[in-house]
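Taking it in order: structure first as structure tokens, then the write-up.
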Amino acid sequence: MTVTIVIVNFNSGAHLDACLASVSAQLREVDWTAIVVDNASNDGSAQRLEREPRDRVRLIRNDANRGFGAAVNQAARAHRAPLLWLLNPDCRLEPGAFEALRETLERHPECAIAAPRLLNEDGTTQESARGEPTAWTGLFGRHGLLTKFFPSAAAARRNLRAAQLVAAGVESAEIDWAMGASLLVLRETFDRVGGFDERFFLYWEDADLCRRIRNLGQTVRYVPRARVWHAGAGSSRSARRLASRAFHRSAYLYYTTHTVPSRWHPARGLAWIALRIRAWWRTTVSRA
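Just remember that the working numbering sits 1255 ahead of the position in the sequence shown, which is counted from 1.
Right, here's the structure in full:
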């Protein structure tokens, strides 16, 4: 099976080298090509890849930061394999991860996205398997204020499902959406929905893609036995304010696209105000 590895790089430093090394080591029996799209990095990571080219790796350099979704679409157009493996540059593959994801797609014909278990550097499970976002997600999401105080609340358990599914020992489980840090996606379905919505510069584009795929009647599955280490925020850490603004702007776009599409609905104004306050709090008060 041929697979396109899609890596969007923005100031990822040494993470990018480690990611490509793990891909090369773990996919020896797979016909793969990695497309690295660099979104105008200034940390030397793209230049290093140009100076030290790797087999099966192609670099596309953008003059400006086009955003995550647009860069993924760009890579998908550059190589036409039947599978796309979206992989953040701060990820490292565990043995057998690709085989477990591929087998899940084959075992479940309705499944269009297979998502691995993401691991923190200390080996704990990242909450990458999610429930459909609602107005409560801001309070009971991964970084929600109430999740910190009430991690066992029903709303938190519905939003954050990975640890529950790992503890249950499932082989795979249908979920609403998964973090875009690592997703194995059927090319045919990706093309059918038009790829990522490029209005999302950063964040929530993964939830939007999964929702549009589920609207076709296909599914997203979480596969705990496929393990991928994920440092987290490897790119956004270098531009926290930009990342925070993008997160809240994309959250509003998702909400107004899928939850309250009517532009005159009063809930849109309330959501805009709430997200502005949350963005201000996270970038000013909580970091003071």
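Note that the Cβ used here is the ideal one computed from N, Cα and C, for glycine as well. Quantities reported herein were computed from a predicted structural model and do not represent experimental measurements.
In the DSSP assignment, Asp1293 is bridged to Asn1264, Arg1316. If you look at His1485, you'll find it in the beta strand (DSSP E) that goes 1474-1485. It is roughly 47 Å from the alpha-carbon of Val1285 to the alpha-carbon of Arg1518. Note on geometry: alpha-carbon atoms of Ile1260 and Ile1290 lie some 6 Å from one another. Leu1471 is classed as exposed because its beta carbon has fewer than 16 other beta carbons within 10 Å across all chains shown. As a beta-bridge residue in DSSP terms, Val1440 pairs with Leu1339, Ile1368. For Asp1446, the closest C-alpha among the options Arg1335, Trp1287, Asp1377 is that of Arg1335. Taking each of Leu1441, Ala1417, Leu1464 in turn and checking the Cα distance to Val1478, the smallest one comes out for Ala1417. DSSP, reduced to helix, strand and coil, places Thr1380 within a strand of the structure shown. In this structure, the alpha-carbon of Ala1301 lies about 16 Å from that of Val1327. Proximity to Gln1381 across Leu1356, Ala1422, Arg1357 peaks at Ala1422, based on C-alpha coordinates. Here Trp1340 has Val1258, Ile1260, Leu1439 as same chain residues with Cβ atoms under 6 Å from its own Cβ, once five neighbours each way along the sequence are excluded.
Comparing C-alpha distances from Gly1386 to each of Ala1462, Ala1352, His1503, Ser1279 shows the shortest one belongs to Ala1462.
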